[in-house]
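These protein sequence lines map, in sequence, to chains S and C.
Start counting the first sequence at 1; every next residue gets the next number (full-length UniProt numbering).
Start counting the second sequence at 1; every next residue gets the next number (full-length UniProt numbering).
Built from N, CA and C at the ideal position, the CB exists for glycine as well.
Beneath this line is the structure, given in structure tokens, with notes to follow.
There are 2 protein chains.
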Amino acid sequence: MKNASAPVRGRPREFDPDKALAAALEIFWRRGYEGASLAELTEAMGITKPSLYACFGNKESLFRKALDLYERDKLCYVKSALEAPTAKEVAERLLRGALAMQCGSTDPKGCMGVISSVANTSHAECIREEILARRASSDRALVERFERAKEEGDLPPGVEPRALALYLSTILQGIAVQAGSGVAEGRLTQLVDTTLAMWPSA
Amino acid sequence: MKNASAPVRGRPREFDPDKALAAALEIFWRRGYEGASLAELTEAMGITKPSLYACFGNKESLFRKALDLYERDKLCYVKSALEAPTAKEVAERLLRGALAMQCGSTDPKGCMGVISSVANTSHAECIREEILARRASSDRALVERFERAKEEGDLPPGVEPRALALYLSTILQGIAVQAGSGVAEGRLTQLVDTTLAMWPSA
DNA sequence: CGTTTTTCATACCGGTCAGTATATAGATAT
DNA sequence: ATATCTATATACTGACCGGTATGAAAAACG
Chain S
1 MKNASAPVRG RPREFDPDKA LAAALEIFWR RGYEGASLAE LTEAMGITKP SLYACFGNKE
61 SLFRKALDLY ERDKLCYVKS ALEAPTAKEV AERLLRGALA MQCGSTDPKG CMGVISSVAN
121 TSHAECIREE ILARRASSDR ALVERFERAK EEGDLPPGVE PRALALYLST ILQGIAVQAG
181 SGVAEGRLTQ LVDTTLAMWP SA
Chain C
1 MKNASAPVRG RPREFDPDKA LAAALEIFWR RGYEGASLAE LTEAMGITKP SLYACFGNKE
61 SLFRKALDLY ERDKLCYVKS ALEAPTAKEV AERLLRGALA MQCGSTDPKG CMGVISSVAN
121 TSHAECIREE ILARRASSDR ALVERFERAK EEGDLPPGVE PRALALYLST ILQGIAVQAG
181 SGVAEGRLTQ LVDTTLAMWP SA
């Protein structure tokens with residue numbers, strides 16, 4: 001094991017990579033992968049292009065690291081939501097968590113995944129595939145949670161876990177579009193309430 | 001009134017503007033406004049850049065004309081859906097119409113409006129505003145239709161027309177994201193069935 | 001016929017894109 | 001002190017962006 005605080009050989013870097021990555025995340029979140037230019041990224045990060053390339057590789061690998069940070073910091077509510085005791089509470093935590101995350105006043109509005117996956121410019125195809133893969137993994141977890149709910153008698157007969165999971169994830173993506181379009185948080189809260197009022201009960 | 005078939009002075013144009021516009025629409029639909037380059041547009045339209053500029057103005061006005069064509073040809077189901085006798089039938093026609101339109105085999109997947117409004121690159125802001133304005137107009141029509149439904153006793157008490165309209169339009173936008181992500185039409189049909197099964201009945 | 005008018009094909013414009021070469025600055029190692 | 005190593009700042013690369021200048025081609029006019 002290498003000592004983390006061991007002195008390094010060359011000139012020490014003058015910026016904090018974590019803070020720089022957080023700044024990059026905000027730009028990618030607001031603009032999407034292709035909409036974020038290196039000029040805007042480096043300015044927000046407070047570093048120059050050679051520093052960026054030396055520390056983060058290239059634009060694509062910087063984006064992946066930002067996406068990791070996004071999942072870790074901003075999507076942490078998903079994991080805890082899936083641990084809710086009932087299917088309806090899972091849905092409520094996911095909906096309200098998405099709402100709080102995407103309508104906060106400091107961060108950009110909407111969902112970074114939706115923003116970067118919807119645009120499609122032939123190159124940067126692998127970015128899209130990366131996001132779709134992560135979404136598929138998240139969808140799978142939701143299906144499994146609702147299959148468990150079904151076994152526990154938590155869902156009425158006639159309600160398929162797969163269909164219900166797709167229904168919920170579709171509403172969540174719709175919320176991302178609405179939030180990104182600037183719909184007020186209050187109206188989206190109404191929307192969440194409406195959705196929960198219609199939730200199938202056993 | 002000028003005779004439409006009157007002979008024109010100069011050299012006649014060698015392409016059909018309607019077909020060229022339809023080709024441009026397909027590119028804008030697939031790539032979004034900013035993702036569509038003039039090179040790709042002119043190649044799909046089968047014309048050169050000077051011809052494009054002479055006939056359609058510039059990229060932005062070409063996009064607006066394509067958007068008009070999109071609304072006229074692809075969104076025509078919306079108008080007829082609003083004329084359905086009950087609120088639930090309005091919802092069903094909108095959902096199934098969106099599904100058929102966005103999952104067809106020839107056209108690009110997903111909704112052109114969502115694709116071009118979600119990306120946000122600081123310039124081309126007016127394109128985004130244009131799309132949001134058209135969406136707001138469409139949303140208003142839906143709210144009015146549900147207000148009428150409420151008056152007609154078509155909606156149960158406790159269901160607000162505005163909230164229900166936002167709920168439905170959110171699902172429609174979620175469907176656009178799902179279809180654009182390549183989710184199979186069969187699964188989206190399941191989703192529509194699920195949504196309709198939960199529809200509030202009087 | 002020649003003139004006029006419009007379209008078309010080609011080459012070009014300045015600007016921006018992601019990415020990099022080069023040289024200097026700032027630290028450790030000997 | 002000197003050598004070594006890494007980060008920085010500046011300026012650059014080739015490719016592409018939206019948009020256009022220019023001149024030839026193709027039709028109607030006289």
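Span of the alpha helix (DSSP H), counted from its first residue to its last, around residue i
i        : result
S:Pro17  : Pro17 to Arg31
C:Met112 : Met112 to Val118
S:Leu196 : Glu185 to Ala197
C:Arg13  : From DSSP, C:Arg13 is part of no alpha helix (DSSP H); its letter is neither H nor E.
C:Leu94  : Ala87 to Cys103
C:Lys150 : Glu125 to Glu151
S:Leu155 : Careful: S:Leu155 lies outside any alpha helix (DSSP H) and carries neither H nor E.
S:Ser80  : Cys76 to Leu82
Pair within 9 Å by beta-carbon distance, residue i and residue j
i        : j        : result
S:Tyr179 : S:Cys126 : One point to set straight first is that residue 179 of chain S is Ala, not Tyr, in the sequence displayed. No, the pair does not count as a contact, with Cβ atoms beyond the cut-off.
C:Leu155 : C:Leu82  : no
C:Ala197 : C:Ala149 : no
S:Thr195 : C:Leu191 : no
S:Leu168 : S:Pro200 : no
C:Leu69  : C:Ile175 : no
S:Gly57  : S:Ala20  : no
S:Val177 : C:Val159 : no
C:Gly67  : C:Glu152 : It is Leu, not Gly, that sits at residue 67 of chain C in the sequence shown. Not in contact: C:Leu67 and C:Glu152 (Cβ atoms no closer than 9 Å).
S:Val90  : S:Arg145 : yes
C:Ile27  : C:Ala44  : yes
S:Ala84  : S:Glu92  : yes
S:Leu172 : C:Leu188 : no
Identity of the residue in the options nearest residue i by Cα
i                      : options                                 : result
C:Gly32                : C:Lys59, C:Lys49, C:Thr189 and C:Ala81  : C:Lys59
S:Arg134               : S:Val114, S:Arg145 and S:Ser61          : S:Val114
S:Thr106               : S:Leu188, S:Arg72 and S:Trp29           : S:Trp29
C:Ala23                : C:Leu62, C:Ser138 and C:Pro12           : C:Leu62
residue 206 of chain S : S:Lys109, S:Val78 and S:Asp18           : Because chain S spans 1 through 202 in this model, residue 206 of chain S falls outside it and cannot be assessed.
S:Ser138               : S:Asn120, S:Cys76, S:Glu26 and S:Glu34  : S:Cys76
S:Arg162               : S:Glu26, S:Glu147, S:Leu172 and S:Ile27 : S:Glu147
S:Glu14                : S:Ser51, S:Arg128, S:Glu144 and S:Gly35 : S:Ser51
S:Gln102               : S:Val8, S:Glu185, S:Glu144 and S:Pro12  : S:Glu185
S:Ala36                : S:Val183, S:Ala124 and S:Ala136         : S:Ala124
Any C-beta of chain S under 9 Å from that of residue i
i        : result
C:Val78  : no
C:Glu43  : no
C:Gln102 : no
C:Asn58  : no
C:Ala141 : no
C:Ala119 : yes
Within-9 Å CB hit, residue i to chain C
i                      : result
S:Val8                 : no
S:Gln190               : yes
S:Thr86                : no
S:Met198               : yes
S:Ile175               : yes
S:Ala149               : no
S:Gln90                : The residue you asked about is not Gln; residue 90 of chain S is Val in the sequence shown. Not one chain C Cβ lies under 9 Å of S:Val90.
S:Ile127               : no
residue 234 of chain S : One cannot answer for residue 234 of chain S here, as it falls past the ends of chain S, which runs 1 to 202.
S:Tyr70                : no
S:Gly182               : yes
S:Ala163               : yes
S:Ser169               : yes
Three-way DSSP call (helix, strand, coil) for residue i in this model
i        : result
C:Pro161 : helix
C:Ala4   : With a pLDDT of only 46 at C:Ala4, under the threshold of 50, the placement of this residue in the model should not be trusted, and no figure is reported.
S:Met45  : helix
C:Gly57  : coil
C:Gly35  : helix
S:Ser181 : coil
S:Thr106 : coil
S:Ala66  : helix
S:Pro50  : helix
S:Ser201 : coil
C:Thr121 : coil
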